[in-house]
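Under our numbering, the first residue of the sequence shown is numbered 922, with each subsequent residue one higher.
We put the beta carbon where it would ideally sit given N, CA and C, even for glycine.
From a predicted model like this one, the values you see are computed outputs, not experimental measurements.
Everything below concerns the one structure shown next.
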Amino acid sequence: MKSLQPVRGTHDLLPDAFRRHRHVAGRAKAIAEAYGYLEMATPIFEFTDVFKRTLGDTSDVVSKEMYSFADRGGEEVTLRPENTAGVCRAVMSNGLRQSLPVKFFYDGPMFRYERPQKGRQRQFHQIGVELIGVEGPLGDVEVIALGAHILKGLGILDKTTLELNTLGDQDSRAAYRAVLVDYFTARHAQLSEDSRNRLERNPLRILDSKDEGDRRLVADAPSFQEYLTPAAKDFFAAVTAGLDAVGIAYRINPRLVRGLDYYCHSAFEFTTTELGAQGTVLAGGRYDGLIEMMGGPATPGVGWAAGIERLAMMVADVAPPARAVAVVPVGVAAELEALKLTQSLRHAGFAADLGYSGNLGRRLKRADRIGARVAVILGDDELARGAAMVRDLDTGDQAEVSLSALQDHLARFR
Ligand code: ATP
Ligand code: MG
């Protein structure tokens, strides 16, 4: 039955996977808070316009990846494919322009109708940060430094490379756009069909094409650097000087563009060779035009998002929760005592598991399977003496312990 399978491109997060997931998000949040970025959440769906207007009709996301539908009231809504547009919408909706700059951290699911493969899902999860209201290059440096710090905190910074580029300001883009159009128009026949469309609507996006043939053309395309205005050059120089000052290594990649319409100045990605084709773990840039595209006043912003699944694949094993005390009643008579004891241990702060049924052997097997550290065996004889048998499940050693001294005795196994 098809309905017993999850929808293609979606995954259950069972405890082992979820522990890695929470570890990534939890470390990231703690480090973000140390930079003054506070956690917030926007709804998982928004009016379709929120994404359509900002990401641009020609972006891959809007043109083929969005989960959009009319709800029962006829509203056109979309499951969020990314969160920057939603955060900017929230800044406007909540009147937060009064208190700029604002710094936010988020963590949550995103949805894109893509071809599922390793590191690419239809429901995936991102952590991300947004710094809204800072127009100077120190803002770019701060969010990049925060990204690097989080990767370091996860123990994977040395498996990544920071790639950096500038998309300049509007004047730079206009000049470069004209040159690119000439270059690609002269090679029109060699372009993929997607890129022929992009050529008319947003030629910069061809630089981001994943098509092999396109990529060969892109490799020889004129470079953005030559068309930057002096102001855009200064901005970029200040960003790299800031990164140098705080010792963050980067590689300038003149071909790096972001797939979305609203980016300017810094574009950056932390990439890795460890995940095969899906090598970008964290990506972001400056989006000064975004809030204006939504119909708000011009408001600068810079931020990034990182895929939790991709990060989780790279982190080392995450320690499981504390090993439990297994309480094992022998015979039906001891079960109620065992229940009471298990509850009192839990309230005293122990992780405790009550073996529900079966003979002693079966219940001890379960204790083993859940990785319990120690078993407290309650037999009728011991109970009659106000005691229990405590067995160290790692060594097999056991000792009778009076119930009144039990918690003190168990403390050594924590
Ligand atoms: P790609 O080039 O891999 O499609 P993108 O440019 O679409 O990436 P962004 O929109 O910048 O990606 O998203 C930021 C990060 O979110 C990516 O670097 C990646 O780690 C993660 N991500 C994006 N799409 C997916 C997906 N479908 N499945 C899993 N992770 C994803
Ligand atoms: Mg994509």
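Between residue i and residue j, is the Cβ-Cβ spacing less than 8 Å?
| i | j | result |
| --- | --- | --- |
| proline 1124 | phenylalanine 1145 | no |
| phenylalanine 966 | arginine 929 | no |
| proline 1058 | glycine 1163 | yes |
| methionine 1214 | tyrosine 1184 | no |
| glutamine 1044 | threonine 931 | yes |
| glycine 1074 | arginine 948 | yes |
| glycine 1040 | leucine 1260 | no |
| alanine 1227 | alanine 1273 | no |
| arginine 1231 | glycine 1206 | no |
Could you check whether the Cβ of residue i sits closer than 7 Å to any heavy atom belonging to the ligand MG?
| i | result |
| --- | --- |
| aspartate 1115 | no |
| aspartate 981 | yes |
Residues in its own chain within less than 7 Å of residue i by CB, not counting five upstream and five downstream?
| i | result |
| --- | --- |
| leucine 1078 | Ala1069 and Leu1072 |
| phenylalanine 1025 | Tyr958, Leu959, Met961, Val1008, Val1050 and Glu1051 |
| alanine 946 | Asp1028, Ile1048 and Ile1229 |
| lysine 950 | Glu960, Phe1026 and Asp1028 |
| valine 1160 | Pro1058, Asp1061, Val1062 and Ser1187 |
Applying the 10 Å Cβ sphere with the 16-neighbour rule, what's the burial state of residue i?
| i | result |
| --- | --- |
| histidine 944 | buried |
| leucine 1138 | buried |
| proline 1241 | exposed |
| arginine 1094 | buried |
| aspartate 1315 | exposed |
| leucine 1085 | buried |
| glutamine 1042 | buried |
| alanine 1320 | exposed |
| arginine 1172 | exposed |
| glutamate 1121 | exposed |
| histidine 1186 | buried |
| tyrosine 1277 | exposed |
| threonine 975 | buried |
| proline 1151 | exposed |
| phenylalanine 1156 | buried |
| alanine 1308 | buried |
| glutamate 1114 | exposed |
| threonine 1263 | buried |
Tell me whether residue i, by its Cβ, gets closer than 7 Å to a heavy atom of the ligand ATP.
| i | result |
| --- | --- |
| valine 1202 | yes |
| phenylalanine 1045 | yes |
| arginine 1033 | yes |
| alanine 1188 | no |
| glycine 1040 | yes |
| glutamine 1199 | yes |
| arginine 1231 | yes |
| glycine 1222 | no |
| alanine 938 | no |
| glutamate 1195 | no |
| alanine 1069 | no |
| phenylalanine 1003 | The amino acid at residue 1003 is misidentified as phenylalanine; the sequence shows glutamate. Yes, the beta carbon of glutamate 1003 sits closer than 7 Å to at least one heavy atom of the ligand ATP. |
| glycine 977 | no |
| glycine 995 | no |
| alanine 1226 | yes |
Might you give, ordered along the chain, the residues of its own chain that have their beta carbon closer than 6 Å to the beta carbon of residue i, omitting 5 neighbours on each side?
| i | result |
| --- | --- |
| isoleucine 1212 | Cys1009 and Thr1220 |
| arginine 1108 | Leu1138 |
| methionine 987 | Thr999 and Pro1002 |
| leucine 1021 | Gly1054 |
| alanine 991 | Glu997 |
| glycine 1060 | Leu1052 and Val1223 |
| valine 887 | Past the boundaries of the shown model lies residue 887; the chain is included only from 922 to 1335, so the question cannot be answered. |
| leucine 971 | It is valine, not leucine, that sits at residue 971 in the sequence shown. Closer than 6 Å at Cβ, skipping near neighbours: Ala1006 and Arg1010. |
| leucine 1327 | none |
| leucine 1177 | Glu1084, Asn1086 and Ala1188 |
The alpha helix (DSSP H) with residue i in it runs from where to where?
| i | result |
| --- | --- |
| isoleucine 1071 | 1058 to 1074 |
| phenylalanine 939 | 936 to 955 |
| glutamate 1003 | Here glutamate 1003 belongs to no alpha helix (DSSP H), and DSSP marks it neither H nor E. |
| phenylalanine 1145 | That residue, phenylalanine 1145, is in no alpha helix (DSSP H); it is neither H nor E in DSSP. |
| asparagine 1118 | 1114 to 1122 |
| valine 1139 | 1133 to 1140 |
| leucine 1260 | 1256 to 1268 |
| methionine 1310 | Segment 1308 to 1313 is the beta strand (DSSP E) holding methionine 1310; no alpha helix (DSSP H) there. |
| phenylalanine 1105 | 1091 to 1106 |
| alanine 1219 | No alpha helix (DSSP H) contains alanine 1219, which DSSP labels as neither H nor E. |
| glycine 1049 | Note, glycine 1049: premise wrong, no alpha helix (DSSP H); beta strand (DSSP E) at 1044 to 1053. |
| alanine 1273 | Segment 1273 to 1275 is the beta strand (DSSP E) holding alanine 1273; no alpha helix (DSSP H) there. |
| glutamine 1328 | 1327 to 1332 |
Who are the Cβ neighbours of residue i in its own chain at under 8 Å, not counting the five residues just before and after it?
| i | result |
| --- | --- |
| proline 927 | Asp933 |
| phenylalanine 1105 | Leu1112, Ser1116, Leu1120, Pro1124, Ile1127, Leu1138 and Ala1142 |
| methionine 1013 | Ile1212, Met1215 and Gly1217 |
If you follow the beta strand (DSSP E) that residue i is part of, which residue opens it and which one closes it?
| i | result |
| --- | --- |
| proline 1030 | 1023 to 1032 |
| leucine 1000 | 997 to 1000 |
| isoleucine 1298 | 1295 to 1299 |
| glycine 1210 | That residue, glycine 1210, is in no beta strand (DSSP E); it is neither H nor E in DSSP. |
| leucine 1083 | 1081 to 1087 |
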